[in-house]
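Colleague: In UniProt numbering, the protein residues as written are 1 to 142. Beta carbons: idealized from backbone N, C-alpha and C, even for Gly. Below: one structure in structure tokens.
As structure tokens, this is what we get:
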């Protein structure tokens, strides 16, 4: 039984006599089931997506340096966005904590982490900066 290959032109590496697989067939099946479940359609999930990073990429491609700088400095363009509990309060919305959109969370936060009032505020008054998307990243209606 060939256990592997040592490289081009080299005969296969043979497994020692009586050697058993490090992972059982049952464990392999379980792992494959987990991967399969995570790859399922995520269209039923909802996220609040920060569009600023996408706009920053678009702005960086503007050839005219004066127009590029103006676009980069405009509201709604950035690689990071934070709304603190204090800022929610200033908008007249009760909140116990803030929210941060960044590369590490793919600029999206599960809608379940917001109140309906917060989502309404972000999508109506900040509509150019935020979108409601599904788990596949497609824009969806409220």
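What are the partner residues of residue 99, as DSSP defines its beta bridges?
Modeller: Taking the chain shown and counting its residues from 1, one reaches residue 99 at position 99. BP columns for residue 99 point to 83.
Colleague: Assuming residue 50 contacts residue 110 under a Cβ cut-off of 8 Å, what Cβ separation, rounded to an integer in Å, is found between them?
Modeller: The residue labelled residue 50 in the question sits at position 50 within the chain shown. The residue labelled residue 110 in the question sits at position 110 within the chain shown. That pair is no contact at about 13 Å.
Colleague: Check the C-beta distance from residue 59 over to residue 72 and give it rounded, since I have them as a contact under 8 Å.
Modeller: Position 59 of the chain shown, counting from 1, holds the residue named residue 59. Position 72 of the chain shown, counting from 1, holds the residue named residue 72. The Cβ separation is near 5 Å, so the contact holds.
Colleague: From residue 31 to residue 21, what does the alpha carbon distance come to, in whole angstroms?
Modeller: Mapped onto the chain shown, residue 31 falls at position 31. Mapped onto the chain shown, residue 21 falls at position 21. Each residue's Cα considered, the two are about 15 Å apart.
Colleague: Check for me: the alpha helix (DSSP H) holding residue 140 runs from which residue to which?
Modeller: As a working mapping, residue 140 is identified with position 140 in the chain shown. Residue 140 -> no alpha helix (DSSP H), and no H or E assigned at all.
Colleague: On the DSSP letters alone, give me the boundaries of the beta strand (DSSP E) that residue 110 sits inside.
Modeller: Here residue 110 corresponds to residue number 110 of the chain shown, with the count starting at 1. Unbroken beta strand (DSSP E) run through residue 110: 108–110.
Colleague: Give every residue of the same chain whose Cβ lies closer than 7 Å to the Cβ of residue 117, excluding the five residues on either side of it in the sequence, and list them in chain order.
Modeller: Within the chain shown, numbered from 1, the residue matching residue 117 stands at position 117. Excluding positions up to five away in sequence, the list reads 93.
Colleague: How should residue 107 be labelled, buried or exposed, when 16 other C-beta atoms within 10 angstroms of its C-beta is the threshold for buried?
Modeller: Here residue 107 refers to the residue found at position 107 of the chain shown. The residue is buried, with at least 16 neighbouring Cβ atoms inside 10 Å.
Colleague: So residue 129 and residue 76 are supposed to be a Cβ contact under 8 Å. How far apart are they, rounded?
Modeller: For this step, residue 129 is matched to residue 129 along the chain shown. For this step, residue 76 is matched to residue 76 along the chain shown. Correct: roughly 4 Å between the Cβ atoms.
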